[in-house]
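Take a look at the structure set out below.
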Amino acid sequence: MSDLIEGYLGKTVEGKKSRLPAKLDYMQSFTGGFLALFMWAHMLLVASILVSKDFMYTVTKLLEGSFIFEGGNPILVTIAAAVIFVVFIVHAALGMRKLPGNFKQYQVMKAHAKSMNHDDTKLWFIQAFTGFAMFFLGSVHLYIIMTNSADIGPYESADRIWSEWMWPLYILLLLAVEFHGTIGLYRLCVKWGWFDGENPKATRIALKKVKWALTVFFLVLGFASLAAYMKIGMENAKNGTVGQKYTPTAKVMEFNITNKSVGGIA
1 MSDLIEGYLG KTVEGKKSRL PAKLDYMQSF TGGFLALFMW AHMLLVASIL VSKDFMYTVT
61 KLLEGSFIFE GGNPILVTIA AAVIFVVFIV HAALGMRKLP GNFKQYQVMK AHAKSMNHDD
121 TKLWFIQAFT GFAMFFLGSV HLYIIMTNSA DIGPYESADR IWSEWMWPLY ILLLLAVEFH
181 GTIGLYRLCV KWGWFDGENP KATRIALKKV KWALTVFFLV LGFASLAAYM KIGMENAKNG
241 TVGQKYTPTA KVMEFNITNK SVGGIA
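According to full-length UniProt numbering, the sequence shown is numbered sequentially starting from 1.
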């Protein structure tokens, strides 16, 4: 009953103003900031394919704890993906509090935003739309990673993207993630006044420029990485090697040297 009263009146049973909305806002900000920074790091790791297949393979094995376990253990990736999934769901649930509850509320908000013609309000609508899309797209991606953590690598990831037709989903997910994340971090800076300084208005203009620069950078990086994986996947499909595990160049060279004939004696 006390929760019901607090939900309707915004006050506790003792008559004090409820602190719950502020706590939920803090949790939403924390989980959102964490996920946005994680996605930036994730994008940089995924982009390792642009350096070389061997480099991407090395990064994958490091994430699997190859410095602890011989050859790495994919269960570490599964655990990490599960933790991110939990944070993702919590953030989505907290974010849903701010969405209009019905079409009438949406019309009111849209009319209000149009009459104000306020850029930050427009950004909020973009963030709300991309957040809704991410709830479905991101859930699929995280579930696949959790259940297929052993199949991450230059060939394995490329085959999943191309031969298993995941690239359309990843295009939509990339757009949603980058717009949602950069807008979210910008709004966090404005909301909590982290870089206000002596002239908050000028700071907001500067932050918006940084936001768009980061959006463009990570979109270009993301699409370049996706194109690289698609190219590898197409080559595997053409060569009939779909499903083949990637073998690092160093191991191939080691195998060739070991089996090389010396003085006519194998």
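We treat Cβ as the ideally placed atom computed from N, Cα and C, and that holds for glycine.
Note that this is a predicted model, so its numbers are computed, not measured.
Exposed unless 16 or more other CB atoms sit within 10 angstroms - verdict on residue i
{"i": "I104", "result": "For clarity, residue 104 is Lys in the given sequence; the question names Ile instead. K104 comes out exposed."}
{"i": "G233", "result": "buried"}
{"i": "E64", "result": "buried"}
{"i": "S52", "result": "exposed"}
{"i": "L37", "result": "exposed"}
{"i": "E198", "result": "exposed"}
{"i": "V46", "result": "buried"}
{"i": "I126", "result": "exposed"}
{"i": "L24", "result": "exposed"}
{"i": "I152", "result": "buried"}
{"i": "Y26", "result": "exposed"}
{"i": "F88", "result": "buried"}
Beta-carbon separation (whole angstroms), residue i vs residue j, contact threshold 8 Å
{"i": "F218", "j": "M43", "result": "6 Å"}
{"i": "residue 328", "j": "L142", "result": "There is simply no residue 328 to check, as the chain begins at 1 and stops at 266 in what is shown."}
{"i": "L50", "j": "S225", "result": "6 Å"}
{"i": "L123", "j": "I68", "result": "In fact, because the Cβ distance is near 42 Å, the residues do not count as touching under 8 Å."}
{"i": "Q28", "j": "G95", "result": "6 Å"}
{"i": "N236", "j": "D159", "result": "6 Å"}
Reduced DSSP category for residue i - H, G, I as helix; E, B as strand; rest coil
{"i": "K245", "result": "coil"}
{"i": "V262", "result": "At V262, the pLDDT of 45 sits below 50, so the modelled position is not reliable; the number obtained from the coordinates is stated separately. If DSSP states are grouped into helix, strand and coil, V262 belongs with the strands."}
{"i": "L219", "result": "helix"}
{"i": "E164", "result": "coil"}
{"i": "M253", "result": "In this predicted model, M253 has a pLDDT of only 44, less than 50, meaning its place in the structure is not dependable; the value taken from the coordinates is given anyway. If DSSP states are grouped into helix, strand and coil, M253 belongs with the helices."}
{"i": "D159", "result": "helix"}
{"i": "N236", "result": "helix"}
{"i": "V51", "result": "coil"}
{"i": "F69", "result": "coil"}
{"i": "H118", "result": "coil"}
{"i": "L63", "result": "helix"}
{"i": "E198", "result": "coil"}
{"i": "D25", "result": "helix"}
{"i": "W79", "result": "It is Ile, not Trp, that sits at residue 79 in the sequence shown. I79: helix per DSSP, three-state reduction."}
{"i": "G193", "result": "coil"}
{"i": "S225", "result": "helix"}
Of the residues the options, the one placed nearest residue i, counting alpha carbons only
{"i": "I145", "options": "F136, M134, F135, S157", "result": "S157"}
{"i": "V59", "options": "L214, P200, P154, F136", "result": "P154"}
{"i": "P168", "options": "K61, Y229, R19", "result": "Y229"}
{"i": "L175", "options": "S115, L137, S29", "result": "L137"}
{"i": "G33", "options": "N236, K208, L185", "result": "L185"}
{"i": "F129", "options": "E178, C189, I152", "result": "E178"}
{"i": "residue 298", "options": "K201, A150, R160", "result": "Nothing can be reported for residue 298: it is not among the residues displayed for the chain, which extend from 1 to 266."}
{"i": "V210", "options": "T249, C189, A93", "result": "C189"}
{"i": "L172", "options": "R97, W192, V140, N73", "result": "V140"}
Neighbour flag for residue i against chain D, beta carbons, 7 Å
{"i": "V59", "result": "No chain D is part of this structure, which consists of one protein chain only."}
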